[in-house]
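Number of protein chains: 4
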Amino acid sequence: MNDKRLHILRVTEKLLKEHGLHGLSMSKIVQAAGVSTGTIYRYFKDKHDLITAIHFESASQLALAICQDLDGPADDRQKLFTMIDNLIDYNERYPERYLTKAALDLVSQQRTHCDMERIRALFAPLTRYIEGGREKGLFKPLPTDILVSLCLGPIEWNYHLRKESFCTLSNEELLLIKQACWEAMLAPEANPGS
Amino acid sequence: MNDKRLHILRVTEKLLKEHGLHGLSMSKIVQAAGVSTGTIYRYFKDKHDLITAIHFESASQLALAICQDLDGPADDRQKLFTMIDNLIDYNERYPERYLTKAALDLVSQQRTHCDMERIRALFAPLTRYIEGGREKGLFKPLPTDILVSLCLGPIEWNYHLRKESFCTLSNEELLLIKQACWEAMLAPEANPGS
Amino acid sequence: MNDKRLHILRVTEKLLKEHGLHGLSMSKIVQAAGVSTGTIYRYFKDKHDLITAIHFESASQLALAICQDLDGPADDRQKLFTMIDNLIDYNERYPERYLTKAALDLVSQQRTHCDMERIRALFAPLTRYIEGGREKGLFKPLPTDILVSLCLGPIEWNYHLRKESFCTLSNEELLLIKQACWEAMLAPEANPGS
Amino acid sequence: MNDKRLHILRVTEKLLKEHGLHGLSMSKIVQAAGVSTGTIYRYFKDKHDLITAIHFESASQLALAICQDLDGPADDRQKLFTMIDNLIDYNERYPERYLTKAALDLVSQQRTHCDMERIRALFAPLTRYIEGGREKGLFKPLPTDILVSLCLGPIEWNYHLRKESFCTLSNEELLLIKQACWEAMLAPEANPGS
DNA sequence: GATGAATGAGTTTTCATTCAT
DNA sequence: CATGAATGAAAACTCATTCAT
Chain A
777 MNDKRLHILR
787 VTEKLLKEHG
797 LHGLSMSKIV
807 QAAGVSTGTI
817 YRYFKDKHDL
827 ITAIHFESAS
837 QLALAICQDL
847 DGPADDRQKL
857 FTMIDNLIDY
867 NERYPERYLT
877 KAALDLVSQQ
887 RTHCDMERIR
897 ALFAPLTRYI
907 EGGREKGLFK
917 PLPTDILVSL
927 CLGPIEWNYH
937 LRKESFCTLS
947 NEELLLIKQA
957 CWEAMLAPEA
967 NPGS
Chain B
777 MNDKRLHILR
787 VTEKLLKEHG
797 LHGLSMSKIV
807 QAAGVSTGTI
817 YRYFKDKHDL
827 ITAIHFESAS
837 QLALAICQDL
847 DGPADDRQKL
857 FTMIDNLIDY
867 NERYPERYLT
877 KAALDLVSQQ
887 RTHCDMERIR
897 ALFAPLTRYI
907 EGGREKGLFK
917 PLPTDILVSL
927 CLGPIEWNYH
937 LRKESFCTLS
947 NEELLLIKQA
957 CWEAMLAPEA
967 NPGS
Chain C
777 MNDKRLHILR
787 VTEKLLKEHG
797 LHGLSMSKIV
807 QAAGVSTGTI
817 YRYFKDKHDL
827 ITAIHFESAS
837 QLALAICQDL
847 DGPADDRQKL
857 FTMIDNLIDY
867 NERYPERYLT
877 KAALDLVSQQ
887 RTHCDMERIR
897 ALFAPLTRYI
907 EGGREKGLFK
917 PLPTDILVSL
927 CLGPIEWNYH
937 LRKESFCTLS
947 NEELLLIKQA
957 CWEAMLAPEA
967 NPGS
Chain D
777 MNDKRLHILR
787 VTEKLLKEHG
797 LHGLSMSKIV
807 QAAGVSTGTI
817 YRYFKDKHDL
827 ITAIHFESAS
837 QLALAICQDL
847 DGPADDRQKL
857 FTMIDNLIDY
867 NERYPERYLT
877 KAALDLVSQQ
887 RTHCDMERIR
897 ALFAPLTRYI
907 EGGREKGLFK
917 PLPTDILVSL
927 CLGPIEWNYH
937 LRKESFCTLS
947 NEELLLIKQA
957 CWEAMLAPEA
967 NPGS
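Chains as they are written, first to last, in the numbering used here: chain A, 777 to 970; chain B, 777 to 970; chain C, 777 to 970; chain D, 777 to 970.
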């Protein structure tokens with residue numbers, strides 16, 4: 777059944793968050809998941825396959841979380857604010873995400889092109905948003921990656937450094953931050969003050 | 777001599793960058809460094825100690841690189857531009873740094889308080905810069921960590937995702953980015969356009 | 777199966793007797809037992825655990841050997857003679873026992889309280905015999921340990937020093953010895969000659 | 777100087793008593809003795825040589841301790857009582873002796889014939905005592921080793937089992953024990969009561 | 001399909017000993 | 001004579017993977 781596959785994935789993800797890739801062994805998974813050694817190899821070719829699957833799941837979930845409610849009718853500024861809220865929400869709910877991501881990065885460097893494409897597809901709403909804004913002349917004339925870094929990078933980096941200070945910020949402070957991220961992307965002409 | 781300790785550190789760092797923590801074994805270090813097994817254990821208590829030492833070195837180097845030429849007479853905007861240039865420089869010269877950092881984070885979560893203090897001290901020029909600006913009313917009234925994330929996060933995150941596109945950017949594009957990072961920190965009243 | 781655990785124990789014991797704890801290595805056990813490295817670690821947590829298990833087995837066997845046929849209807853003097861015969865028999869059959877015991881003592885000093893209790897229980901017939909005799913006024917009014925040392929100590933010490941001369945003694949000589957051990961325990965009033 | 781050799785011997789002996797042979801490493805000796813690695817190898821050919829030297833020292837000390845004041849004018853019974861007192865004294869002062877002895881036995885099985893002869897010579901007063909008594913018809917017509925086991929074995933075995941109960945015994949109890957050891961050796965005709 | 005005992009190559013670590021200074 | 005850094009063979013132990021049941 778696919779239930780078992782999912783169960784193993786969930787348990788492994790939890791162990792990764794707790795102990796990191798270094799410190800993850802198949803026997804720990806076996807113990808924690810309550811299945812037998814052989815069973816894991818029925819659902820995953822080998823350890824690498826399991827890790828890669830988790831990487832894919834993790835990236836997918838992040839994409840889904842960020843892009844939630846993005847294609848609605850709101851204006852562009854509001855859309856970014858929504859994404860940032862989504863991102864903060866996601867990070868607060870899964871506080872160890874970045875550790876996991878970092879661990880996975882090291883293993884799955886050779887992740888299949890196919891997987892990359894599927895993940896990229898899940899981020900499509902974000903890409904569309906950025907590219908749309910740039911074409912309208914609203915955002916700076918920079919590569920998409922760079923624009924994404926300008927508007928979401930500060931939040932991501934902050935969580936990466938594990939300064940979990942966002943949840944302690946007041947609404948005014950959060951607004952200041954969101955406004956800063958928004959303005960960072962704006963084209964000079966769209967941002968007359970600078 | 778301390779030469780040998782340093783030599784082992786350098787070789788290990790190189791191996792870490794090439795194969796990740798995952799593919800690092802003491803015997804590989806022994807071979808690559810041209811020393812005997814026992815020698816490593818003369819200078820480092822065990823593998824963990826060696827990894828921790830590299831982490832410390834790595835963080836120190838980043839701090840030194842970023843804060844280079846920061847205490848000169850330049851104006852605040854120019855100082856940030858210098859730091860960003862330093863950061864880009866450093867990342868271009870050590871393109872695998874983030875892989876290493878990510879790997880190290882997973883191992884050295886329990887790094888000693890003492891080491892943390894020493895690293896923090898190396899970042900002091902950056903901290904002083906941020907706090908000075910905030911007190912002058914130049915920067916937004918936000919915690920230091922957040923301000924650092926706003927001005928350096930975009931670059932860091934971009935490198936973290938290994939989109940090594942900065943070196944392909946034109947000078948105009950780089951200027952746009954730096955300006956965006958600068959404005960992200962500025963207090964609303966200091967940034968009349970927003 | 778528990779067969780394998782027992783097999784490893786037996787093989788290890790043999791190696792201990794041949795080379796002492798000093799010359800015992802896991803790889804020698806692996807070779808001698810014809811199992812793989814990992815298998816040993818399935819049945820014993822680590823080397824110390826294996827040694828401790830052997831200690832326990834060894835003490836159990838000694839207790840069983842000594843106390844054999846002790847609870848029968850024989851008179852008290854005959855009972856001691858039986859025990860001494862058992863002890864000599866056991867030592868002749870396992871001539872290296874003391875070497876093993878000495879080796880184990882050094883390692884298992886911190887053997888679990890639980891194990892101690894189980895071993896003590898196996899010696900219960902001996903203890904009962906001694907205490908019964910003392911209460912009857914037949915044996916000297918001394919602690920149980922001391923009485924045991926008086927009646928079995930000479931034989932034990934002799935084997936400990938590896939003067940394996942008992943087997944070369946005549947029946948008359950053996951009888952003299954046994955009689956001496958018996959009289960050593962007797963209360964003065966029960967032993968009118970002294 | 778011979779001072780250094782003696783110092784190393786003493787320190788090693790102490791370590792042996794504390795941790796057993798298993799757990800004794802040259803580096804521990806180096807640390808505890810405050811000399812350099814090379815120095816040990818100036819005074820002892822190798823580890824085995826060092827252990828053997830300690831064995832010899834240890835056996836010598838025991839012999840000296842037991843045979844102290846043995847050649848005086850006292851009667852035979854009093855002489856045994858003196859030896860037993862000496863033995864108890866020695867064991868109380870060096871409570872870990874047997875552990876050390878056991879450890880050494882395992883290593884020095886192949887101790888040189890020459891050393892054996894020298895140790896045997898140190899026990900000569902004891903041997904003379906036993907053999908003299910036997911020839912007089914006072915002791916049982918048994919081999920010397922056996923007679924030694926009969927009169928000193930109980931005490932030795934008791935200490936071997938680390939029941940350090942002798943120091944808690946009253947003088948009457950001690951007298952009972954000594955008397956028992958004495959009688960154990962006596963020839964039947966010399967011990968009319970049995 | 002599921003199990004988990006068995007495998008053994010590979011890893012980390014120890015430690016007696018040597019030798020250049 | 002003394003030192004202690006360096007050595008490297010050997011030890012203890014791990015763990016991804018297989019396969020008979």
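A virtual CB, placed ideally from N, CA and C, is assigned to each residue, including glycine.
Fully enclosed by the stretch 895 to 932 of chain B, which alpha helix (DSSP H) runs are 4 residues long or longer? 900 to 911
Could one say the Cβ of C/N867 lies closer than 7 Å to chain D's Cβ atoms, at least one of them? no
Strand pairing of C/L962, partner residues [DSSP]: In the DSSP output, where bridge partners are listed per residue, C/L962 has C/F915.
Starting from the Cα of A/L918, find the closest Cα among A/K954, A/A960, A/Q955 and A/Q844 and give me that residue. A/A960
Leaving out five residues on either side along the sequence, give the residues of the same chain with a beta carbon under 6 Å from the beta carbon of C/L926. A960 and M961
Alpha carbon to alpha carbon, what distance is there between B/E789 and A/M802? 27 Å
So does the stretch 808 to 825 of chain A actually touch the stretch 842 to 853 of chain A, counting three or more Cβ pairs closer than 8 Å? Segment contact: the stretch 808 to 825 of chain A against the stretch 842 to 853 of chain A, fewer than three CB-CB distances shorter than 8 Å; contact not assigned.
Can you check which of these residues, A/G929, A/A835 and A/A963, is closest to A/I895 by C-alpha distance? A/A835
Along the alpha helix (DSSP H) that carries D/F1006, what are the first and last residues, could you check? Outside the shown range of chain D, which is 777 to 970, sits residue 1006 of chain D, and nothing can be said about it.
Candidates A/F857, A/H824 and A/L937: closest to A/A956 by CA position: A/F857
Residues near B/A809 in its chain [Cβ-Cβ closer than 7 Å; skip 5 each side]: H783, I784 and V787
Comparing the C-beta of C/P930 with each C-beta of chain D, is any distance below 7 Å? yes
Chain C contacts from the stretch 905 to 932 of chain D (Cβ-Cβ distance under 7 Å): K916, L918, P919, D921, I922, S925, L926, G929, P930 and E932
Can B/A839 and B/L923 be called in contact, C-beta distance under 7 Å? no
Near A/S970, what residues of its chain come up, given a Cβ to Cβ distance below 7 Å and the 5 sequence neighbours on each side ignored? With a pLDDT of 49 at A/S970, under the threshold of 50, the modelled position of this residue cannot be trusted, and the question is left open.
Could you tell me whether the Cβ atoms of A/W933 and B/W958 are closer together than 7 Å? At a Cβ-Cβ threshold of 7 Å, A/W933 and B/W958 do not count as neighbours.
Buried or exposed, going by whether 16 or more other CB atoms sit within 10 Å of the CB of C/K912? exposed
Kindly indicate the opening and closing residues of the alpha helix (DSSP H) around C/T944. Note, C/T944: premise wrong, no alpha helix (DSSP H); not H, not E.
Which same chain residues, not among the five before or five after A/T920, have their C-beta less than 8 Å away from its C-beta? T903, I906, E907 and R910
List in chain order: all unbroken alpha helix (DSSP H) runs of 4+ residues lying wholly within the stretch 780 to 813 of chain C. 802 to 809
Just mark D/A900 as buried or exposed, buried being the case when its beta carbon has 16 or more other beta carbons within 10 Å. D/A900 is exposed by the Cβ-count criterion.
Smallest Cα separation from D/A829: which of D/L951, D/P930, D/I931 and D/R781? D/R781
Could you compute how far the alpha carbon of C/N867 sits from the alpha carbon of C/P930? 13 Å
Could you check where the alpha helix (DSSP H) with D/D822 kicks off and where it finishes? Neither: D/D822 is in no alpha helix (DSSP H) and is coded neither H nor E.
Take C/D852 and list the residues in its own chain whose beta-carbon comes closer than 7 Å to its own, dropping the five residues that flank it on each side. G909 and L914
Flag this pair as yes or no: are the beta carbons of C/K804 and C/L791 separated by less than 7 Å? yes
Figure out for me which residue from D/T944, D/L800 and D/R873 has the closest Cα to the Cα of D/K823. D/L800
Helix, strand or coil at A/Q844 according to DSSP, with G and I counted as helix: coil
Between the stretch 945 to 960 of chain A and chain B, which residues of the former have a C-beta closer than 8 Å to a C-beta of the latter? The residues in question are L945, E949, L952, I953, Q955, A956, C957, E959 and A960.
What residues in the stretch 791 to 806 of chain A bring their beta carbon closer than 9 Å to a beta carbon of chain B? H795, G796, L797, H798 and G799
Between the C-alpha atoms of D/I953 and D/V811, what's the straight-line distance to the nearest angstrom? If I take the Cα positions, the gap works out to 46 Å.
Suppose the cutoff is 7 Å on Cβ atoms and the five residues either side in sequence are ignored; what does the same chain contact list for B/I864 look like? Counting only Cβ-Cβ distances below 7 Å, and skipping sequence neighbours, we find I931 and F942.
Could you tell me whether the Cβ atoms of B/D891 and B/F832 are closer together than 7 Å? yes
Going by other Cβ atoms of all chains shown within 10 Å of its Cβ, with 16 needed for buried, is C/H936 buried or exposed? buried
Would you please verify whether the beta carbon of A/N934 is less than 7 Å from any beta carbon of chain B? Closer than 7 Å to some Cβ of chain B, the Cβ of A/N934 qualifies, so yes.
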